[in-house]
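Peer 1: Got a structure for you, written out below as structure tokens; questions coming shortly.
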Amino acid sequence: MKIVRDARIGPLETPTTPGLPATPTPSETPGRTADRPGAKALAAIGGPSTRNDAPPAIGRYQTPAKTAVSTHIKARTEKPASYPDRFPVPDAKVTWTKPYPEYAPADFVAAVVLANAGPKGWADPPEVKDVSRPMNSYTGPVGKDERGRPLNPMGRTGIEGRGLLGRWGANYAADPIVTRTNPKTHELEMLAIRRKDSGEWAIPGGMVDEGEEVSATLAREFLEETGVNLSMTDAKLVFRGYADDPRNTDNAWMETTVKHKHLSADEASKMEPKAGDDAAAVAWMPLTPANVGKLYGNHSAFVRLAMQSLESS
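As structure tokens, then:
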């Protein structure tokens, strides 16, 4: 496959449960690392540096082979039920610079994506030549194949086309991580939703609408999926970049901005979560190793980054 580098990269688009004591006991020394919110939970679930699925730090260029393999697992091995089987992509053949003459992925675009193409729809036109915007990415320059289609910056996925994703190239999402200390159990918990499509528990995030600020997306999605109106303007940025998502293809992929907000006891007590139309259920999830490890996509890695941030704050 011939690879062409996109020279039009400009400014990045802003798409326009056992765990933790709430307070130290008298025998504990305030200020120690172990007393900070997130410290024990982080130790229990394994910090980002000990996990292969932990994304690189914010702003790091994410295309070296080692990084591509470690952050590009679910996009090669999992898929929605409607997708065709993925063509096998071994670790040694992930990056586009590695020759793979046998590579013959199926080309797939979901009918719902094609039905929503056009000026009033949420999807790009079927032909990439009809897309006028630059193909930007949080990860760096985006390559193109011989047909002018953007290439996944992490490498091959085993499927061409856009799958269930509306945009050619990066599809931007926002994921708000909201945590509290349970007043009764003193465990660190995250407000999570159960996805209707996969049945997995996840961060209550969603897609950034055209022209929408990410901070507005974080609050909107949190309200739509949990029923809670919460400002995220003071939330802390913990990650921005490629998301290892089972919907990803060679030509369309998820990128996300993840922000974390830890609630005070008073803030948490005023919340009455209720699952919205996009969620099957909503609950305060204890951040145990088992719970974190089973989260959708690479949400577990994002949660670990949030816990690391909380522990160091």
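Quick note: the working numbering has the sequence shown finishing at residue 320, numbered continuously throughout.
Ideal placement from N, C-alpha and C gives every residue a C-beta, glycine not left out.
Can you tell me where the beta strand (DSSP E) with H267 in it begins and where it stops?
Peer 2: Residue mapping note: residue 267 aligns to position 260 of the sequence shown, counting from 1. Unbroken beta strand (DSSP E) run through H267: 259-269.
Peer 1: When you compare the CB positions of D114 and G150, do they come within less than 8 angstroms of one another, or not?
Peer 2: By 1-based counting over the sequence shown, the position of residue 114 is 107. By 1-based counting over the sequence shown, the position of residue 150 is 143. The answer is no: Cβ separation not under 8 angstroms.
Peer 1: What residue range is occupied by the uninterrupted alpha helix (DSSP H) comprising N298?
Peer 2: In the sequence shown, counting from the first residue as 1, residue 298 sits at position 291. Unbroken alpha helix (DSSP H) run through N298: 296-300.
Peer 1: Would you mind reading off the limits of the alpha helix (DSSP H) that contains E134?
Peer 2: Working through the sequence shown from its first residue, we reach residue 134 at position 127. Run containing E134: none; DSSP gives neither H nor E here.
Peer 1: Taking A117 and S89 to be in contact with their CB atoms under 8 angstroms, please state how far apart those CB atoms are, rounded to whole angstroms.
Peer 2: What you label residue 117 is simply residue 110 of the sequence shown in a count that begins at 1. What you label residue 89 is simply residue 82 of the sequence shown in a count that begins at 1. Confirmed, about 6 angstroms.
Peer 1: Would you mind working out which of D98, R140, M197, V138 sits nearest G162, comparing C-alpha positions?
Peer 2: Looking up residue 162 in the sequence shown gives position 155. Of D98, R140, M197, V138, the residue nearest in Cα terms is D98.
Peer 1: Shortest alpha-carbon distance to W175 belongs to which of E134, D204, V215, E194?
Peer 2: Taking the first residue of the sequence shown as position 1, residue 175 is located at position 168. Of the candidates E134, D204, V215, E194, the one whose C-alpha sits nearest the C-alpha of W175 is E134.
Peer 1: Entirely within the stretch 176-203 and at least 3 residues each: give me those beta strand (DSSP E) ranges in chain order.
Peer 2: Counting whole runs of 3 or more residues, the stretch 176-203 contains the beta strand (DSSP E) stretches 176-188, 195-202.
Peer 1: Could you say which of D251, S144, E228, D204 lies nearest to G283 if we only look at CA atoms?
Peer 2: For the purposes of this step, residue 283 is identified with residue 276 of the sequence shown, where counting begins at 1. Closest by alpha carbon: E228.
Peer 1: Along the alpha helix (DSSP H) that carries R169, what are the first and last residues, could you check?
Peer 2: Counted from its first residue, the sequence shown places residue 169 at position 162. It is not in any alpha helix (DSSP H) - R169 instead sits in the beta strand (DSSP E) that spans 166-170.
Peer 1: Could you have a look at V96 and say whether DSSP puts it in helix, strand or coil?
Peer 2: Within the sequence shown, residue 96 is the residue found at index 89, counting from 1. DSSP places V96 in coil when its eight states are reduced to three.
Peer 1: In the DSSP assignment, find the beta strand (DSSP E) that holds R247 and state where it starts and stops.
Peer 2: As a first step, residue 247 must be located in the sequence shown, where it is residue number 240. 243-250 is the span of the beta strand (DSSP E), which, as asked, contains R247.
Peer 1: At which residues does the alpha helix (DSSP H) containing D273 begin and terminate?
Peer 2: In the sequence shown, the residue the question calls residue 273 occupies position 266. Segment 272-276, the alpha helix (DSSP H) holding D273.
Peer 1: Given this structure, state the Cα-to-Cα distance separating R373 from D131, to the nearest angstrom.
Peer 2: With the chain running from 8 to 320 in the structure shown, residue 373 is simply not present.
Peer 1: What is the rounded straight-line gap between the Cα of K281 and the Cα of L230?
Peer 2: Mapped onto the sequence shown, residue 281 falls at position 274. Mapped onto the sequence shown, residue 230 falls at position 223. Distance between the alpha carbons of K281 and L230: 9 angstroms.
Peer 1: Output the distance between the C-alpha atoms of D251 and P126, rounded to the nearest integer angstrom.
Peer 2: Residue mapping note: residue 251 aligns to position 244 of the sequence shown, counting from 1. Residue mapping note: residue 126 aligns to position 119 of the sequence shown, counting from 1. Those two C-alpha atoms are separated by around 29 angstroms.
Peer 1: Count the CB pairs spanning the stretch 213-224 and the stretch 299-314 that are closer than 8 angstroms, and state whether there are at least three.
Peer 2: In short, these stretches do not touch, since the Cβ pair count stays below three.
Peer 1: Give a yes or no on whether the C-beta atoms belonging to T186 and L195 are separated by under 8 angstroms.
Peer 2: Residue 186 sits at position 179 when you count from the first residue of the sequence shown. Residue 195 sits at position 188 when you count from the first residue of the sequence shown. Against a cut-off of 8 angstroms, the Cβ pair of L195 and T186 comes out as a contact.
Peer 1: Look up M314 in the DSSP assignment and say whether it is helix, strand or coil.
Peer 2: Numbered from its first residue, the sequence shown carries residue 314 at position 307. Of the three classes helix, strand and coil, the one that applies to M314 here is helix, per DSSP.
Peer 1: Could you check the C-alpha separation between N305 and K81 for me, to the nearest Å?
Peer 2: The residue labelled residue 305 in the question sits at position 298 within the sequence shown. The residue labelled residue 81 in the question sits at position 74 within the sequence shown. One C-alpha to the other measures close to 8 angstroms.
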